[in-house]
Each structure stands twice: as structure tokens, then as C-alpha cells.
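Numbering (the working numbering) for the sequence shown: 62 to 324. Remarks on the structure that follows.
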Amino acid sequence: MGQGIYHYFGYDLSFEERTEEISKAGFESTMLWWGDEDFIPLSKAEQVECVRRAGLKVENVHAPYAHIWKLWAKDLQIAAEAQQEYCRYIDECKAYQIPMMVVHGMSQEPIEDEQQGFESFSLLLAHAKAAGVTLAVENTIEDSRFDHLLEQLIPEGMKWCYDSSHDWIYSESPTRLLSTYGKALACLHLSDNDGQFDRHWLPGKGLVSFEQIQELLKNQGFDGQWSLEVFPQEVIGSANAFLSEARERLTWVMEGARHEAKV
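Okay, structure coming up:
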């Protein structure tokens, strides 16, 4: 078990500076956004090289989610185009020796064809297995079809990513997914919120029960990275100070969150 953080954590820093700050703060791994946008001046290969040069592991990459709805589309051509897009991301993971790709299981858009969605994710899973890449679907909105997706594909090797903030915003019974599917859990996106919006606060600032989460992860035998997906709503102080506090909060979670966090 190690400690990681999503590469973007706020603050006006270059990719190289951000990477160095994460390394200096004592994190062992990071998670990268895997879109094709040009707001990062480095190529994907250069990003991976920069992270590894700083002594960090790329725990996983987060695939873009704008086109997730297309995987559930009734139009076969639209679904096929999305399948090709996400298979390309998997191929890139293989090329850059990235062990895992995280992808949202559902989107806010209405699902058009449930069976098509299951077939799309089954195809992506088969492609990922052939590439030696772990495919982890992330919990987003509350939807029984996410359960069905896991129930169908976990036996085939599908893993999932637990987002604590999504759980506390959208779930009728927070931590139910952890209790039910914890054995297939591959990675974490830990952050806090006020129960209203996906705030990406540091643990201990909001309503999320990290004591419950830690206990369930411990009981389920989770042995992956403990990783934050956080950034401040108001940038105060230095990036170094924020990351130091982030590590303290993450350690607090890992130790059981049984006393009040220093906010």
C-alpha cells in the first residue's frame, strides 16, 4: 500500500513543476488525465516520462468521460466509434506500460440501450485483458445498471474504481458498493464534500465518513494505492503546503479516521 494523488491538484504550475511538487511531498504515485486536449503542452509520452523521471509511478490514467454515453448508444455506429476511441486509450496504456485505465461506467446522459452498453464494456474489457491492462470502471451516479455491469463483468476480470465523493453525493446508501463489490476494487479516488456538490475537498472537511470507508477497505483486504483526487476551492498558500496537508489527511484516513481531522 502506498500513497498517491491525482496529478492536477490546483495551483498555476507547469506539468513539470506539478510533478516535482508531488514527488517532494512524499507521494509515491500519481494518476494522469488521458484526454487528447492541448491544454497540457507535453505529449502523453512526455508526461509519462516526466512522472517516472521524478521517481513516481503512474498508478493509472483517467480516460475522458464526455463520450461515455456513446458506449450505451442505440446507434451501432456511434457505439462502435466510442469503442474504438477507448480501445485506443487502452493501446496507449500498453505502449507506455501503464498498468490501469479508469473509465466512468455511467454518464449524466440517458442510457439508450442497456444491452449495447454491456456489450461495449465487454469489448473494452477483452481488449484490455489482451493488452495486459487493468480496466476499472468508476462509480458515478446511482443506477442499478452499474451494479448489473459489475455483476456481469467482474467474473470476466473487470475491476472498479471507488470515488468517495460520488458515493456520498449520488448513493442512497453510501458504502453499499464497497460492501458488495469490495473484492473487485482496484483503485481509489478519495475526497470529501458537503453532500451537495463534487467539491474535491481534502478528507475531514466535509460529510464523507472516512472511518467507514477505511474499515470496509481493511475488511475487504484492499492492498492497492490510497489515492486522493483533490484540489482546493480557493487557492491559499503554496502548493507545497497544500500537498503536505493532503498527505497528512490521507495518512489520517489510512489509520482509521477515528479522531477529528485537523481542518
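We put the CB at the ideal spot given by N, CA and C, even for glycine.
Would residue 310 and residue 87 qualify as a contact pair, given that the criterion is a beta-carbon distance under 7 angstroms?
Taking 7 angstroms as the cut-off, the Cβ atoms of residue 310 and residue 87 do not count as close.
Between residue 224 and residue 250, which are expected to be in contact by the criterion C-beta below 8 angstroms, what is the C-beta distance as a whole number of angstroms?
4 angstroms
Restricting to Cα atoms, I'd like to know which of 252, 207, 245 and 165 is closest to residue 226.
252
Can you give the Cα-Cα distance for residue 66 and residue 203, rounded to whole angstroms?
So the alpha carbons of these two residues sit roughly 25 angstroms apart.
If residue 159 and residue 122 are in contact, beta carbons under 8 angstroms, what's the gap, nearest whole angstrom?
6 angstroms
Hey, residue 131 and residue 140 are a contact pair by Cβ (cut 8 angstroms); roughly how many whole angstroms apart?
Right, their Cβ atoms sit about 6 angstroms apart.
Can you give me the Cβ contacts of residue 207 inside the same chain, cut-off strictly under 7 angstroms, excluding the 5 residues immediately before and after it?
166, 167 and 200
Find out if the Cβ-Cβ distance for the pair residue 161, residue 195 is shorter than 7 angstroms.
yes
Excluding sequence positions up to five away, which residues of its chain have a Cβ less than 8 angstroms from the Cβ of residue 305?
86
Taking C-beta to C-beta, are residue 213 and residue 179 nearer than 7 angstroms?
yes
How would you label residue 62, buried or exposed, when you count the other beta carbons within 10 angstroms and need 16 or more for buried?
Under this definition residue 62 is an exposed residue.
Check residue 90 in the structure and name its three-state DSSP category.
strand
Quick one: is residue 320 buried, meaning 16 or more other Cβ sit within 10 Å of its Cβ, or exposed?
exposed
Quick one: residues in its chain with C-beta nearer than 7 angstroms to the C-beta of residue 273, no 5 flanking neighbours on either side, listed in chain order?
236
Would you list the residues sitting across from residue 221 in a DSSP beta bridge?
198 and 246
Tell me which same chain residues have a C-beta within less than 7 angstroms of the C-beta of residue 77, skipping the five on either side of it?
By the criterion of a C-beta distance shorter than 7 angstroms, residue 77 is surrounded in its chain by 111, once the five residues flanking it on both sides are discounted.
So, helix, strand or coil for residue 147, using DSSP?
helix
For residue 293, does the count of other Cβ atoms within 10 angstroms reach 16, so buried, or fall short, so exposed?
buried
What does DSSP give as the partner residues of residue 288 in its beta bridges?
65
Buried or exposed, going by whether 16 or more other CB atoms sit within 10 Å of the CB of residue 191?
exposed
Cα separation between residue 175 and residue 267?
35 angstroms
Between the beta-carbon of residue 221 and the beta-carbon of residue 245, is there less than 7 angstroms?
yes
From the DSSP secondary-structure annotation, give me the bridge partner or partners of residue 165.
199
With DSSP as the reference, please indicate the residues paired to residue 121 in a beta bridge.
92
By DSSP's criteria, residue 262 is part of a beta bridge. Which residues make up the other side?
253
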